[in-house]
């Protein structure tokens, strides 16, 4: 059980390592689109929450949040018994943008 908890916390640590520089200076690191592309390249399913209608290049990042995901049971019924496997879904991240400038 402890191994499963540790495996669930590791992606959160990686997210925080990426989120801290993104919140501190998004303009210096390439802006919102660069941060979103970096998160996607790391395997995250990125959701964007934005305020305003400015182009993505003019937006500033106001927050990066990890969305909770639960392992899904996947039963396989063969002739003699039922085997249950757990499928780990893609980790989800929400990037909040301020595009009101």
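Numbering (mature numbering (1 follows the signal peptide of the UniProt record, and there is no 0)), first residue to last: -24 to -1, 1 to 77. The beta-carbon is built from N, C-alpha and C at its ideal position, and this holds for glycine as well. Nothing here was measured: the structure is a model prediction, and the numbers come from that model.
Query: Residue burial classification, residue 46 (beta-carbon count within 10 angstroms, cutoff 16); Result: exposed
Query: Residue 9 versus 71, 19 and 43, residue with shortest Cα-Cα distance; Result: 71
Query: Chain-order list of residues whose beta-carbon lies under 7 Å from that of residue 63 (same chain, five-residue window excluded); Result: 47, 48 and 50
Query: Reference residue 43; option with closest CA among 53, 35, 65 and 13; Result: 65
Query: Continuous alpha helix (DSSP H) stretch holding residue 43: start and end; Result: Taken as a continuous stretch (DSSP letters only), residue 43 belongs to no alpha helix (DSSP H), being part of the beta strand (DSSP E) at 36 to 43.
Query: Beta-carbon proximity list for residue 52, same chain, < 8 Å, skipping 5 on both sides; Result: 58, 59, 60 and 61
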